[in-house]
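Trainee: If you use UniProt numbering, the sequence shown corresponds to residues 1 to 1068, in order. Backbone N, C-alpha and C fix where the C-beta goes; we use that ideal spot for every residue, glycine too. Below is one structure. I have some questions about it.
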Amino acid sequence: MPHADDGAEALPPVAALFLVVFDKKIGYKLSWQRSIPDTELEGVVEYKSLPSGLHNVQQDLVYFTHGEFAGLSAFSSQPADEADRNANFLAVGVLVPLSYGRLGRAWLHAEGLRELAGLSLKGSEHLSRLEGYWQKHGLRTAQDEIRTAALEEPSSPLVTKPTGPKNTKRRSRALSDAAGFSVREHVLSPDHPALSMPDFLDTFGPLVFPLYRAALLRKRILLLGSTPIQRSCDFVYDLSIFSNVPSAIVESIPAPQSLQRVRPLFNVGIHDIAELSNKKSGDSESGEGWIACTTDDILSTKRELFDVLVQMPTQTNKWPKVTTSDGSRMLATQRDLRRYNALRKELIRLERIRNREAEYQDEPSEEATTSSDTLHPPQDDDTNPLLHSITSLMPEPSETSPPPVENEAEVVEPASWASIAYGSFLWWASAGERSMAEDEEVIQDASLMEDLVYSTSTPTTPRTPPGLLKRRSSSGRGKKRSSATNLSRLAPSSTENGDRAEPARVEERQQLSMILIAYFHRLTTMLLSGLGDIINSEDDEAGDGRGDEDAEIQVTAEEESYFTYGQDEESPIDHDIHFRPGLGSDGSETYTPRTVIYDLKGAFGTLRRDNALYQLQSQDEAGQEEQWPGQAQVLQQPTIPPSEYQQHLNEGLEPPPLTTSSVRYWSDYNHVFYHPRSIVQLHEFELNSSLAPFERWSTGEELFSNLDKEHDLLDKDLRPFLEECDQLQGVQLFTSTDDAWGGFASSYLERIRDELGKTSLWAWGMEDGTRKSRDRQLLQTTNSILSLSSLTESASLYIPLTTLPHYLPSYISPYDPTSKWHTSALQLTALESLTLPTRLRPDQPSRATLSDFESTLSNSGKRRLAHLSLSASPPNGTANGATNGHGPVHDARTRDGINGGPHAEDTAEDEAGIMTLDVDFAPAPPSLESRAPRRSGGGGGQTFAQIQSLRGTFKSSLEIEDVNLASRDKYSAAASEGFRVSCHQSGLLFGMLGSFPRIYEGAQRGGKMEVRTALTVGSGVSAGVRGLERVGRRVLGVEDREAVCERLLGVAEEYEEGWSGGGSEEDE
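Below you can see the structure in the form of structure tokens.
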């Protein structure tokens, strides 16, 4: 058992710590307490922490809410003599501000509270331990400074994180308010309420659907059960999560915010009757839906307090009884039963997959094929009826179908004789063929479970019957859904010898929980989207049928070349990967990037969070009128006037050409509308400030730490976008690394790694390659060293990019390395072309994922540092190059005597297929500043692996196949040399948008260009990293020097194993 004081950095701070004991004379007594000022404890927490009947159990966990705090108490009891009424029991509890996450992530304190409760039963020494726990975890902020979330919309535990921090500075914070993942990698805390979701499904059976609908309707739901109460509290949490409205459709719901969520109250008792009476159902102004649990039977008699009463059974083989406030019984429909059976069938299939992965068996055992950890099929004995009630008129279930529901008549409405007669006649008339309605029902159920269960060894995606593909609805159901999870990365792990360890049991429950959450979120999206379609169709019929087409054309005009490829031609790019569908303020469909942009005050220029798609309504003035009756003086900073280019865009006119002098901010050449959540301005620092410059690595690290303490940045900014993804391929982070942004991004990526586990995380580090003063160069070099050390530890792949490559071919002209407009365009050409395969549709031959790229580049190692290179073929491109624009040098495109047609002349390729391209974006290490032009890929030497992405027709499909097969053939030249090549070619050329600078000679606005890019891992990286390590030992402080340099040496050694090069690079 961990010590109660361990892991302080991992636990959320508490606003109150208290000890409640039972006194035989006065009853419940608050024996000891510590809290922040103005926190009411007396007369409240005693009854919330010790519900009725708790003396009948030895241990229990009780969740409750108290104002702006979430509470958790650990109950413990032991036998006593008759003088103490044969029992001695107490509870140790905490209050956690809701601003620290859903329930304040209070479950992370469960283990420590249990230990303190056990110690408190043994003697008086517990007071010092309580005091020490408060000193360690107590909140030092006044209550009026705490930003409370007041049980905001419950979110889903869809992302996981590793067990503990890699160092003492790392904090285990939850990505989702609902999920405080704190133990093993990919494994939730054992006390996390979400792990009870399989038990919830098993307990309620088909009744889960009417309960889910009641919660979605924001009814007041009361669970009446017995002790231990932790199970009931977990069920309250589960139901609130299932009925959560996914963030992707929240904006499309024209309802008060109180109706967009159901509030989990957890444990309530007779002392909460007055509070529950004030929460009236159906009153959107003063009340809201809630879910609570209780052990006080008297609450079930006060039917005005609730809308739905759930009476939990005391026997394991009984179903819960669900009634309305008027006593009517709530049963599941026949449709609910069919949907429940389809869901159980999918979960049983998951269990079989898990059993096959855990232990190889020639023939599946009876246990593996008929049972599940979470589903209990009925025993075949005389107690079961010979005939079950008719559930549907579908054909007989197959062997893989789930067993019938036990005592079905108690929870499911019987099928009417009229429906049975009609269905029998229809079956006879159609010769056993299913009707179109039944086909649509099958398709709908399959869409809810599509891709929910994934196994690397067995395909688990439900396939739509071929004959039904043409019957899919055209109402938008085929679009990408918001399931908010990456389930493919939640497969249970196993030990090296194949035995599944105890944490794997938690992983299994976690995976089932993730599936259930995604299932119900998809169901919610389907229901609300269907209702929205009906409303919109009614509005269209009531009106004249004409929309604001002019506005839509104006919005999408600049994006038309990227998003459409012809009237009847489907785009080979899956735009849902980088862009998210949504609804604008006028109800029109929008397409905005899946991105979060952090920048300093004043750096966004004319860009605003509200735009033509999302008109935000400020509530500041209304709030001030309510709080302050007098007149308020508003001091507003002058707005930055839009550039002439943006003015023309807003007015729908042809914009004038941009120049380096007319571009002030990156927003001046921005053509994309962003969702308001994508724009995050950091007001603590101002752009180009001389008083408080944002240029030191430690400044960025400290800024992240301060902001993250105030409110979880990942929860507030990134989580809504992550939860919209059906399958999270990865996260890409773009940042400058030679200033304070390097420290900010390193801390941010470290947190993302904690939350997402083994998900692909790519970091693109931008470095200023221009010449500067010695002091400036020294500062930027120090920042780059710290960034490299940190990012290579957290990122699965780190690609540094310089703004001024050592060699520039003459077709890149004019090029101004001091203009971020120019440098970003050159980098974007390479970056967007390289990652093109990751955005293609699955049916495209060049399709690849970020994880595929990583597997090729690592090449049986842990190489996380790669270099990007580029060659372009603009119209009328010339052949001579220049070094940093300062005079001609040997043209890299004709290296090694490679000559040929218009494509062959601008790249060099050896016999093994390794390409050497024109522009190498690898920054030059400080000790190599005056070197001659280097080979693409980071300093020459042995190449371990290379990813090639070609835009144009450079090779035939057979040539590409030969290159890819050769790198996997152990008898090929590539295998003998120890490197791998993966080539991807697409006919999509790089488009020159209107806002693109003319840095490519001969390229015209709106034209297209052939591009070749390569991502290379080679032994030359070692020399550059060792050079940085030597510089780091001279410039870094004592507190960071050893740790950073040791990490850099570890990175360098990864590029030296298995190959011994010459001495020139090492000596350099």
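When burial is assigned at 16 or more other CB atoms within 10 Å of the CB, is HIS683 buried or exposed?
Mentor: Per the 10 Å Cβ criterion, exposed.
Trainee: Between the beta-carbon of VAL412 and the beta-carbon of ALA332, is there less than 7 Å?
Mentor: Contact flag set, yes.
Trainee: Let me know the alpha helix (DSSP H) ranges lying completely inside the region 946-1005, each 4 residues or longer, listed in chain order.
Mentor: Those alpha helix (DSSP H) runs which fall completely within the region 946-1005 and span 4+ residues are 957-968 and 973-977.
Trainee: If you follow the beta strand (DSSP E) that ASN267 is in, where does it begin and where does it stop?
Mentor: 263-267
Trainee: Going by beta-carbon coordinates alone, are SER796 and GLU755 separated by less than 7 Å?
Mentor: no
Trainee: Are the CB atoms of HIS822 and PRO655 nearer to each other than 7 Å?
Mentor: no
Trainee: Hey, could you find the ends of the beta strand (DSSP E) LEU868 is sitting in?
Mentor: Secondary structure note for LEU868: its beta strand (DSSP E) is the uninterrupted segment 867-873.
Trainee: Look at the alpha carbon of THR39 and the alpha carbon of VAL96, and state the distance between them as a whole number of angstroms.
Mentor: 11 Å
Trainee: Would residue 1072 and LEU1015 be called neighbours here (beta carbons separated by less than 7 Å)?
Mentor: One cannot answer for residue 1072 here, as it falls past the ends of the chain, which runs 1 to 1068.
Trainee: Can you tell me which of the three DSSP states PRO803 falls into?
Mentor: The sequence shown places Thr at residue 803, rather than the Pro named in the question. Here THR803 sits in coil by DSSP.
Trainee: Within 10 angstroms of its Cβ, does THR953 collect 16 or more other Cβ (buried), or is it exposed?
Mentor: exposed
Trainee: Quick check: the Cα distance between MET992 and MET1009, rounded to an integer number of angstroms?
Mentor: 8 Å
Trainee: From PRO313 to PHE64, what distance separates their C-alpha atoms?
Mentor: Distance between the alpha carbons of PRO313 and PHE64 is about 22 Å.
Trainee: Our contact map puts LEU222 next to LEU299 with C-beta atoms below 8 Å; I'd like the distance itself, whole angstroms only.
Mentor: Rounded, the Cβ-Cβ distance is 7 Å, consistent with contact.
Trainee: Opposite THR65 in the DSSP bridges: which residues?
Mentor: ALA70
Trainee: For the beta strand (DSSP E) containing CYS293, name the first residue and the last one.
Mentor: 290-294
Trainee: Following the continuous beta strand (DSSP E) through HIS683, name the residue where it begins and the one where it ends.
Mentor: 679-686
Trainee: Compare the Cα-Cα distances from MET915 to each of PRO925, ALA924 and PHE944 and report the closest residue.
Mentor: PHE944
Trainee: Just grab the DSSP bridge partners of GLY93 for me.
Mentor: Per DSSP, PHE18 and SER73.
Trainee: Is the beta carbon of VAL268 closer than 7 Å to that of THR295?
Mentor: Remark: C-beta atoms of THR295 and VAL268 do not approach each other more closely than 7 Å.
Trainee: Looking at the secondary structure, which residues open and close the beta strand (DSSP E) in which MET766 lies?
Mentor: In the DSSP assignment, MET766 falls within the beta strand (DSSP E) that extends over 760-767.
Trainee: Quick one: is ILE291 buried, meaning 16 or more other Cβ sit within 10 Å of its Cβ, or exposed?
Mentor: buried
Trainee: Name the two residues that bound the continuous alpha helix (DSSP H) containing ALA1014.
Mentor: Not the alpha helix (DSSP H): ALA1014 falls in the beta strand (DSSP E), residues 1008-1018.
Trainee: Confirm, please, whether the CB-CB distance from VAL731 to LEU761 is below 7 Å.
Mentor: yes
Trainee: Can you tell me which residues form a DSSP beta bridge with GLN444?
Mentor: Beta-bridge pairing links GLN444 to no other residue.
Trainee: State the DSSP-derived secondary structure class of ASN355, mapped to helix, strand or coil.
Mentor: Helix, per DSSP.
Trainee: Do TRP134 and the ligand FMN come close, with the Cβ less than 6 Å from some heavy atom?
Mentor: Here there are no bound small molecules, and the ligand FMN is not part of this structure.
Trainee: Near THR592, which residues of its chain fall below 8 Å by C-beta distance, leaving aside the five closest residues on each side in sequence?
Mentor: Closer than 8 Å at the Cβ level, and outside the excluded window around THR592, lie PHE579, ARG580, GLY582, LEU613, VAL672, PHE673, TYR674, HIS675 and SER678.
Trainee: Compute the distance between the beta-carbons of TYR811 and VAL680, then report whether it is under 7 Å.
Mentor: In terms of Cβ geometry, TYR811 and VAL680 do not form a close pair [threshold 7 Å].
Trainee: With H, G and I counted as helix, E and B as strand and the rest as coil, what does DSSP make of THR324?
Mentor: Correct three-state label for THR324: strand.
Trainee: Just reading off the beta strand (DSSP E) that TYR28 is part of, what are its end residues?
Mentor: 27-35
Trainee: When you compare only the Cα positions, how much space is there between ASP717 and TYR519?
Mentor: 24 Å
Trainee: Over the uninterrupted beta strand (DSSP E) stretch that includes THR590, give me the two end residues.
Mentor: 589-593
Trainee: Identify, in the order they occur along the chain, each residue of the same chain with its Cβ nearer than 6 Å to the Cβ of GLU496, setting aside the five sequence neighbours on each side.
Mentor: Caution is warranted here: a pLDDT of 37 is assigned to GLU496, below 50, making its placement in the model unreliable, and the coordinate value is therefore given only provisionally. Excluding positions up to five away in sequence, the list is empty.
Trainee: Who are the Cβ neighbours of LEU857 in its own chain at under 6 Å, not counting the five residues just before and after it?
Mentor: ALA866, ALA945 and VAL1017
Trainee: Is PRO79 helix, strand or coil when you go by DSSP?
Mentor: Taken through DSSP and simplified to helix, strand or coil, PRO79 comes out as strand.
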